[in-house]
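Asker: In my numbering, the protein residues as written are 1009 to 1374.
All C-beta atoms, glycine included, are put in the ideal place defined by N, C-alpha and C.
Fair warning: this is a prediction, and the values are worked out from it, not measured in the lab.
Can you keep this structure in mind? I'll have questions shortly.
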Ligand SMILES: Cc1ncc(COP(=O)(O)O)c(C=O)c1O
């Protein structure tokens, strides 16, 4: 069986180092917001090319606190892609703001910059882009639009650790970048974790204060905050993993190249563009008979996943908040299939997946 993902196997190469760091944190007797968190923040900011990083409890909080840090009045509108993970949209709603959906480019699956302007109103405060599946959005027109209209720019980088656009890393284009370190991510910890990156010292300071009950000095609360602290163990694991992130991304890119070489005809592949360095958090293909294809792969011992099966505008939780049709997003959600592309998969595994895919395509032609 070639599983879609197996986090034990994906982390096997790092276990000895994890154990060493685990023992050191246990021995230190300090478990939340300490030296490991501070060191990780410094190292991750340097890796991304940002002046500041603030470690948080998860990616949803990173998005939420990024928005809260701007201090927008309730009811302000935030532009967001219609085909994202629910967390992006929830962060806007939870911050008392209004999500305004913009459809993606069907070739890149990322927000279509040409469709943003028509959705701006007097109430628009920010654009929140999502670098979906490990590919960055087309940032030049989006950054230009934000500058021209005086809008804040937030990047959801939960799927794009180390991805670049024109040589610059995700999380360095907007006012603030938000990351998740959920275990499946390219930079995943062994539990929940998140962070923001920013060059703005005031934004960093506000998020840093809000993550710990709005307090800088113990028991003195200057803002309405939350508890969104990163713990020492996760930070220690993340420091180990950060040292391997480029190798993880390179491995995934090599596996993606095998897919491209061997997959054959009949499937829509992720787009390839010059000046984009994609890190393939997800390698998705599209096929009109996605569910039949998925079952066929499984019968042949190949696992897969769907990111995501339901378009946000069709989620019951968002009924009454988002009721518009999003045909492009819905088309993507109905046809997309994510193939195995974990750090532990070999090129041989991917060749075997491709063989099964070619078999499916050949049956369709017969
Ligand atoms: C695009 C995107 N945004 C936000 C999140 C939220 O991150 P977390 O699960 O760490 O809260 C995730 C992942 O889960 C994601 O994929």
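With H, G and I counted as helix, E and B as strand and the rest as coil, what does DSSP make of residue 1160?
Answerer: In the chain shown, the residue the question calls residue 1160 occupies position 152. If DSSP states are grouped into helix, strand and coil, residue 1160 belongs with the strands.
Asker: For a quick check, are the C-beta atoms of residue 1110 and residue 1119 less than 8 Å apart?
Answerer: Sequence index remark: in the chain shown, residue 1110 carries index 102 (1-based). Sequence index remark: in the chain shown, residue 1119 carries index 111 (1-based). Cβ distance < 8 Å, so residue 1110 and residue 1119 count as in contact.
Asker: Leaving aside the five residues before and after residue 1310 along the sequence, list all residues of the same chain whose C-beta is less than 6 Å from its C-beta, in chain order.
Answerer: Taking the first residue of the chain shown as 1, we reach residue 1310 at position 302. Closer than 6 Å at the Cβ level, and outside the excluded window around residue 1310, lie 1010, 1361 and 1364.
Asker: How would you call residue 1227, buried or exposed, if buried means at least 16 neighbouring beta carbons within 10 angstroms?
Answerer: Reading the chain shown from its first residue, position 219 is the one you call residue 1227. It counts as exposed.
Asker: Enumerate, from N- to C-terminal direction, the unbroken alpha helix (DSSP H) stretches of 4 or more residues contained entirely within the stretch 1196 to 1268.
Answerer: You should have 1209 to 1218 and 1240 to 1250.
Asker: For residue 1350, which three-state DSSP category applies?
Answerer: The count along the chain shown starts at 1 and reaches residue 1350 at position 342. In this structure, residue 1350 counts as coil in the three-state DSSP scheme.
Asker: If you draw a straight line from the C-alpha of residue 1084 to the C-alpha of residue 1161, how long is it?
Answerer: Counting from 1 along the chain shown, the entry for residue 1084 is found at position 76. Counting from 1 along the chain shown, the entry for residue 1161 is found at position 153. So the two alpha carbons sit approximately 14 Å from each other.
Asker: Pull the bridge partners of residue 1092 from the DSSP assignment, please.
Answerer: Sequence index remark: in the chain shown, residue 1092 carries index 84 (1-based). Residue 1092 pairs with nothing; no bridge assigned.
Asker: Take the Cβ of residue 1346 as the centre, count every other Cβ of all protein chains shown within 10 Å, and call the residue buried at 16 or more, exposed below.
Answerer: Start at 1 with the first residue of the chain shown, and residue 1346 comes out as number 338. Residue 1346 should be labelled buried.
Asker: Going by DSSP in three states, residue 1194 sits in which element: helix, strand or coil?
Answerer: For the purposes of this step, residue 1194 is identified with residue 186 of the chain shown, where counting begins at 1. In the structure shown, residue 1194 sits in coil (DSSP, three-state: anything other than H, G, I, E or B).
Asker: So what does DSSP say about residue 1026, is it helix, strand or coil?
Answerer: One-based indexing of the chain shown puts residue 1026 at position 18. Three-state result, residue 1026: helix.
Asker: Taking the continuous beta strand (DSSP E) assigned at residue 1071, which residues delimit it?
Answerer: As a working mapping, residue 1071 is identified with position 63 in the chain shown. From DSSP, residue 1071 is part of no beta strand (DSSP E) but of the alpha helix (DSSP H) over 1067 to 1078.
Asker: Decide yes or no for the touch test of the stretch 1126 to 1135 against the stretch 1269 to 1286: beta carbon pairs closer than 8 Å, at least 3 of them.
Answerer: In short, these stretches do not touch, since the Cβ pair count stays below three.
Asker: From this set, 1016, 1145, 1023 and 1129, which residue's C-alpha is nearest residue 1158's C-alpha?
Answerer: As a working mapping, residue 1158 is identified with position 150 in the chain shown. If we check each option's Cα against that of residue 1158, 1129 comes out closest.
Asker: Among 1020, 1211 and 1049, whose alpha-carbon lies nearest the alpha-carbon of residue 1250?
Answerer: By 1-based counting over the chain shown, the position of residue 1250 is 242. Per the Cα distances, 1049.
Asker: Using the beta-carbon count (16 or more within 10 Å), is residue 1248 buried or exposed?
Answerer: On the chain shown, position 240 is the one that residue 1248 refers to. By the 10 Å Cβ count, residue 1248 comes out buried.
Asker: Where does residue 1292 sit, in a helix, a strand or coil, going by DSSP?
Answerer: Residue 1292 sits at position 284 when you count from the first residue of the chain shown. Residue state, collapsed to three classes: strand.
Asker: Identify every residue that forms a DSSP beta bridge with residue 1107.
Answerer: Locating residue 1107 in the chain shown gives position 99, counting from the first residue. DSSP output for residue 1107 lists 1086 as bridge partner(s).
Asker: Which parts of the stretch 1037 to 1070 are runs of the alpha helix (DSSP H), unbroken and 4 residues or longer, counting only runs that do not cross its ends?
Answerer: With a minimum length of 4 residues, the continuous alpha helix (DSSP H) runs that stay inside the stretch 1037 to 1070 are 1043 to 1056.
Asker: Helix, strand or coil for residue 1372 per DSSP?
Answerer: For the purposes of this step, residue 1372 is taken as the residue at position 364 of the chain shown. In the structure shown, residue 1372 sits in a helix (DSSP, three-state: H, G or I).
Asker: Whose C-beta lies closer than 8 Å to the C-beta of residue 1064 among residues of the same chain, with five residues either side of it excluded?
Answerer: As a working note, residue 1064 is residue 56 in the chain shown. Excluding sequence neighbours, residue 1064 sits near 1070, 1073, 1201, 1202, 1203, 1204, 1215, 1219, 1236, 1237 and 1238.
Asker: So, is residue 1044 buried or exposed, given that buried needs 16 or more other C-beta atoms within 10 angstroms?
Answerer: Along the chain shown, one-based indexing puts residue 1044 at 36. With 16 or more other Cβ atoms within 10 Å, it is buried.
Asker: Please confirm whether residue 1289 and residue 1174 have their CB atoms less than 8 Å apart.
Answerer: Numbered from its first residue, the chain shown carries residue 1289 at position 281. Numbered from its first residue, the chain shown carries residue 1174 at position 166. Not in contact: residue 1289 and residue 1174 (Cβ atoms no closer than 8 Å).
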